[in-house]
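See below for the structure under consideration.
In the UniProt record's numbering, the protein residues as written are 1 to 556.
What follows is the structure, given as structure tokens:
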């Protein structure tokens, strides 16, 4: 071997020995630190711990001295440099593990793992002493809240926010707080939702558009909101004023609220805005809301146009818009052929019909001339044979109404009523059956029988707070001149849910005030009718609704 080559090998071996000696010394000094790090993520629990499948942290450079060969690095690494490299690698590994654990928490919540398993993983985040990844934690809290697991959502929030505060991560605090607002709002707990809304405001921030939309959804669940469209526009304007980036979900909720109020022009403006100003793509829910707005406003051209756009542009269709089109041609612009056309469209796109679809089909045959009660009755068996849908009380109610109210055939109406009463095994949905039969009796001038049936209903089912059955009796009393009975029934009702909780069973709606005003007007008691109108106006119902009732008094 040449002498120069021998000397070169000696120098190489000497440097490797020196590096190995320094590294060995470092390994002894830092062994306890490395061991502590390795056991932190798994703690002392069994191998069934939810974090057991997390990736193993990469080894520290201290344990791989061969990595630093002179062929790759031409300078000797000092002890201080090796310590720095070790610390940096440990921090990177810890951050990686923290990120993986954050994602594992989200996966566990998505899979519906037990709350205790999720809490174990959240506790491990504390031991890592690193900032959890904000996005997975945000989504974990929101999903747990959506599932109704608000205690778990609160636990994740409380734990992670403490870590975010410790590390000064304001973004993480905001995202977690916003998710808690969404969770409580979607479950209808508006008191707690408002607290998180206020927390966000104290940060100098505003909720995101999904949180604003959730506030609208929650408010509709828990309050006797008389004008959801106004609430929707207030939320929309606040979000827009503070430059909150909207989402499709946000527009879907706002448009749906406006659709209920028949505000078609505003709906069309927002539908155009979401696409051209913010580049958002409407989905089936968006189209369904716009179609509903067109149907409610009686605009056939808009309803048909947006329906065609929907089936051409959306891959995941839903039954709702098909039902809306069928309903439009059954109730608003009666046309059996057009109603059946949209049912065939539903079949064409392989959409499974709903219970409501079959109710509308029954109406198409039973309510529209020429009346085909035979085909309407056949649907009771067809729905199960063709689509696996069991007939519901609402279907029998449709037949009772058609026989008794439309055809004035009280005998066959009673026959269907007796049939469903004999076969019904529970009270669910039976209120609709009673309502249809009461309507048939009152329409056929059999108020005494209607009162007896109302008493029977009160004994046998747990009635909702809806006033529609009481409205029928108000109409019957007014027609018979029994104003005092009408007054007693009207006064037994309440104006809001708080009064219902105190013992009253029924909440007055605009139709209730209308029925009472009609009873007074029909019996020449205009002054009393005006007093009822004033009470109605104090409830802050939409102006158009109040104006329609006011017209009953002004009309000669």
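Don't be surprised by glycine CBs; every beta carbon is placed ideally from N, CA and C.
Model, not experiment: these values are computed from the prediction.
Would you tell me roughly how many angstroms separate the C-alpha atoms of residue 129 and residue 120, rounded to the nearest one?
15 Å
Would the beta-carbon of residue 526 fall within 7 Å of that of residue 537?
no
State buried or exposed for residue 133, treating a residue as buried only when at least 16 other CB atoms are found within 10 Å of its CB.
buried
At least three beta-carbon pairs within less than 8 Å, the stretch 386-394 to the stretch 406-413:
no
Express the C-alpha separation of residue 417 and residue 383 in angstroms, rounding to a whole number.
20 Å
Residue 531, buried or exposed, once every other Cβ within 10 Å from all chains shown has been counted against 16:
exposed
So, for residue 262: in the same chain, excluding its five sequence neighbours on each side, which residues have a beta-carbon less than 8 Å away from its beta-carbon?
293, 296, 297
Look at residue 326 and residue 349 and say whether their C-beta atoms are less than 7 Å apart.
no
Cβ distance (whole Å) where residue 268 is taken to contact residue 232 below 8 Å:
That pair is no contact at about 15 Å.
Find the nearest neighbour of residue 602 within the set 123, 182, 174, 139, judged by alpha-carbon distance.
What the structure shows of the chain is the stretch from 1 to 556, and residue 602 is not part of that stretch, so it cannot be assessed.
At what residues does the alpha helix (DSSP H) containing residue 349 begin and finish?
Note, residue 349: premise wrong, no alpha helix (DSSP H); not H, not E.
Does the Cβ-Cβ distance between residue 251 and residue 235 come in under 7 Å?
no
Nearest-angstrom Cβ-Cβ length linking residue 361 and residue 379, presumed shorter than 8 Å
6 Å
What are the start and end residues of each continuous alpha helix (DSSP H) run of 4 or more residues lying completely inside the stretch 337-389, in chain order?
355-366, 373-387
CB contact flag (residue 291, residue 317, <7 Å):
no
Check whether the Cβ atoms of residue 147 and residue 174 lie closer than 7 Å to each other.
no
For residue 494, does the three-state DSSP call read helix, strand or coil?
strand
Backbone CA spacing between residue 164 and residue 137 [nearest angstrom]
11 Å
Quick check on this structure: which residue in 511, 355, 315, 189 has the alpha carbon closest to the alpha carbon of residue 466?
511
Thinking C-beta only, is residue 185 closer than 7 Å to residue 209?
no
Measuring only the C-alpha atoms, how far is residue 35 from residue 104?
For residue 35, the pLDDT reaches just 34, beneath the cut-off of 50, and the residue's location in the model is therefore unreliable, although a value from the coordinates is still provided. Spanning the two alpha carbons is a distance of roughly 23 Å.
Whether residue 178 touches residue 207 by CB criterion (7 Å)
yes
Any idea if residue 187 is buried or exposed, counting beta-carbon neighbours within 10 angstroms, 16 or more meaning buried?
buried
Local Cβ density within 10 Å of residue 312, reported as buried at 16 or more and exposed below that
exposed
Residue 243 to residue 534, Cα distance in whole Å?
40 Å
Once DSSP output is grouped into helix, strand and coil, what is the label at residue 461?
coil
In chain order, what residues of the same chain lie with their CB nearer than 7 Å to the CB of residue 480, ignoring the 5 residues before and after it?
447
Mind reading off the beta-carbon distance from residue 330 to residue 363? Whole number of angstroms is fine, and I expect it under 8 Å.
5 Å
C-alpha gap between residue 552 and residue 158, whole angstroms
57 Å
Are the CB atoms of residue 278 and residue 246 within a distance shorter than 7 Å?
yes
Quick check on the burial criterion: 16 or more other C-beta atoms within 10 angstroms. Buried or exposed for residue 114?
exposed
Might you give, ordered along the chain, the residues of its own chain that have their beta carbon closer than 6 Å to the beta carbon of residue 191, omitting 5 neighbours on each side?
none
Does the stretch 473-487 come close enough to the stretch 512-522 that 3 or more CB-CB pairs lie under 8 Å?
yes
May I have the straight-line CA-CA distance separating residue 529 from residue 491, to the nearest angstrom?
14 Å
Got a sec? Which residues, its chain only, sit under 6 Å from residue 441 by beta carbon, not counting five neighbours each side?
449, 450
In the DSSP assignment, find the alpha helix (DSSP H) that holds residue 262 and state where it starts and stops.
Note, residue 262: premise wrong, no alpha helix (DSSP H); not H, not E.
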